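Numbering of the sequence shown is given in the numbering used here, commencing with residue 1 and proceeding in unit increments. We treat Cβ as the ideally placed atom computed from N, Cα and C, and that holds for glycine. Source: prediction; values computed, not measured.
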Amino acid sequence: MKSFSSSYSHHYRAFRPPLHYLILKNCLGKKKFKKTLDIGCGVGNSTIALTNFSKKVIGYDINKEMLKNTLQHKRVSYINEWSNIKYDLLCFFGSLNYVQQNEIHNFLNVLKPSGYIICCDFKIFYNRFIDFLNLKIIKNKYDYEKNLGSYNLANEIKQINSDSMLLNFNCNIKEFVHLILTEKNIKNALIELMGEKELDIKIEKKIGGLINSEKLNLDAMGYYTLQKKI
Ligand SMILES: C[S@@+](CC[C@H](N)C(=O)[O-])C[C@H]1O[C@@H](n2cnc3c(N)ncnc32)[C@H](O)[C@@H]1O
1 MKSFSSSYSH HYRAFRPPLH YLILKNCLGK KKFKKTLDIG CGVGNSTIAL TNFSKKVIGY
61 DINKEMLKNT LQHKRVSYIN EWSNIKYDLL CFFGSLNYVQ QNEIHNFLNV LKPSGYIICC
121 DFKIFYNRFI DFLNLKIIKN KYDYEKNLGS YNLANEIKQI NSDSMLLNFN CNIKEFVHLI
181 LTEKNIKNAL IELMGEKELD IKIEKKIGGL INSEKLNLDA MGYYTLQKKI
């Protein structure tokens with residue numbers, strides 16, 4: 001499991017782009033669920049977005065630092081301990097890359113027969129910024145399109161639908177700094193270039209020199225796969 005330290009939880013809580021709802025809406029349309037489990041909920045951005053599709057949403061995360069900073073909603077609760085309540089939708093939003101083969105059955109066991117699984121993610125295009133700073137990024141094996149087809153579950157699930165979409169959002173410079181500091185490989189390259197001390201302030205100054213407006217406009221690619229328990 002990739003460790004998400006308290007600094008990640010701080011940046012996640014400070015700003016996430018408003019993309020979760022758009023991707024879920026593209027995938028789920030008018031589908032409604034009674035009880036959803038958001039696996040790897042982080043600080044709850046995906047969990048809150050899921051309230052548009054589910055009466056009750058439970059956010060589960062292995063990381064207590066993330067759960068200390070969660071967004072609150074009257075139909076949402078968060079758990080860190082595993083329980084055997086049954087759900088009619090499981091959601092992995094940006095979390096499936098960290099889930100091991102030996103964990104997957106624990107999750108599938110709490111899904112009702114004919115229940116749905118949604119795996120989604122978004123990839124933000126930072127190229128302009130990376131090129132401007134001439135950052136040397138070490139590529140990782142992260143798969144934005146990962147779904148339960150990557151596990152050995154051929155007779156247990158079937159695929160319903162899968163798609164990707166180009167998205168776009170605005171943020172200010174401070175929000176951008178929070179965003180980029182959640183990207184581990186970019187953060188490492190920035191530390192290499194600028195040192196760790198007051199990194200956020202240094203990035204803010206650099207970005208200020210790159211653009212002449214307060215707002216940044218960023219493209220992202222959204223991905224989803226909808227699967228169903230057989
Ligand atoms: C990139 S964050 C995504 C957070 C949230 N779903 C969102 O869309 O904003 C991935 C989260 O998955 C959690 N995670 C990683 N491995 C996990 C596991 N095996 N079980 C539950 N959560 C896990 C991490 O602690 C982290 O909070």
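Comparing C-alpha distances from S5 to each of L96, K64 and F132 shows the shortest one belongs to K64. Remark: the C-beta of H20 is in contact range of ligand 1, defined as less than 7 Å to any heavy atom. Taking S164 as the centre and dropping the five residues before and after it, the same chain places the C-beta of M221, G222 and Y223 closer than 7 Å to its C-beta, in chain order. Counting along the chain, no alpha helix (DSSP H) covers T51, and no H or E run does either.
Put simply, of V76, H20 and L133 the residue whose alpha carbon is nearest the alpha carbon of K123 is H20. Judged by the Cβ position, N45 qualifies as a neighbour of ligand 1 at the 7 Å threshold, a heavy atom of the ligand being closer than this. Close CB contacts of K228 within its chain, under the 6 Å cut and outside five residues either way in sequence, are with Y116, K158 and I160 (chain order). Judged by DSSP secondary structure, Q159 falls outside any alpha helix (DSSP H) and instead within the beta strand (DSSP E) spanning I157 to N172. If you ignore the 5 residues before and after L96, its C-beta comes within less than 6 Å of the C-beta of C119 and K146, all in its own chain and listed in chain order. Around the CB of D143, fewer than 16 other CB atoms lie within 10 Å, so the residue is classed as exposed. Shown here for H73: same chain residues with a beta carbon closer than 7 Å to its own, the five before and five after excluded, namely I48 and T51 in chain order. Looking at N217, G208, V57 and H10, the one whose alpha-carbon comes closest to that of D88 is V57.
In the DSSP secondary-structure assignment, L90 is bridged to L37 and I117. Residue state for A14 is assigned as helix, using DSSP reduced to three classes.
At the C-beta level, C171 and L181 stay beyond 8 Å of one another. In terms of CA proximity to F53, I23 leads the group K215, G40 and I23. For D61, the CB falls within less than 7 Å of some heavy atom of ligand 1. Under the 10 Å beta carbon count, D61 is surrounded by 16 or more other beta carbons and is classified as buried.
In the three-state reduction of the DSSP assignment, L226 falls in the strand class. Taking a cut-off of 8 Å for Cβ pairs, the region 38-45 and the region 192-208 do not touch, as fewer than three such pairs fall below it. At the C-beta level, N109 and W82 stay beyond 8 Å of one another. Of the candidates K35, F15, F129 and N127, the residue whose Cα lies closest to the Cα of N84 is K35.
For the 8 Å CB-CB criterion, S150 and C91 do not form a contact.
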